[in-house]
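Peer 1:
Numbering (full-length UniProt numbering), first residue to last: 1 to 148.
1. In whole angstroms, what separates the C-alpha of residue 36 from that of residue 128?
2. Given a cut-off of 7 angstroms on the beta-carbon distance, is the pair residue 106 and residue 91 in contact?
3. Please return the same chain residues whose Cβ sits closer than 7 angstroms to the Cβ of residue 72, not counting the five positions on each side in sequence.
4. Since I believe residue 64 is in contact with residue 141 (beta carbons under 8 angstroms), could you give me their beta-carbon distance rounded to a whole number of angstroms?
5. Under a three-way DSSP split, which group does residue 141 fall into?
6. Have a look at 133, 60, 126 and flag the residue whose alpha-carbon is nearest the alpha-carbon of residue 144.
7. In this structure, what does DSSP give as the bridge partners for residue 118?
8. Once you ignore the five residues that flank residue 84 on each side, which residues in its own chain have a CB closer than 7 angstroms to its CB?
9. Do you know whose CA, among 134, 130, 103, lies nearest residue 111's CA?
10. Compare the beta carbon distance of residue 70 and residue 53 with 7 angstroms and say whether it is the shorter of the two.
Rendered as structure tokens:
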């Protein structure tokens, strides 16, 4: 599991504690004394729970094509694309439109996301994503995520 997922979990704990009126300093002390420890090596596996989706945060930028390598994805997992919305966008391409993905084609019917913080639930099969900004996809802003 990625460092960003681990940080999301820690942030969620901070958020939950703040709901009960515990400030960040106190929450930090509570976490430091917690009976568990997050792995310090980001390449170590992180516990997952069957039936619960995993949330992946992606820095959507150039040279992203190999990001899915070595990761196991399941239908229902969530990908959150973080990017500068003035420079990029995220185009979802249907699994049956591999040629559009391969050739970086944005069809009129394509779903284009442009908030800079887009969450997408992975579907069963192959999920294709490209940047629709001219020249970005051909420069490496495209990923294919296969769910198991």
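Even for Gly, the Cβ is constructed at its ideal location relative to N, Cα and C.
Peer 2: Reading from the atomic positions:
1. Confidence at residue 36 is low in this model, with a pLDDT of 45, below 50, so the placement of that residue should be treated as unreliable; the coordinate-derived value is given next. In a straight line, the C-alpha of residue 36 is about 37 angstroms away from that of residue 128.
2. yes
3. 148
4. 6 angstroms
5. coil
6. 126
7. 81
8. 116
9. 130
10. no
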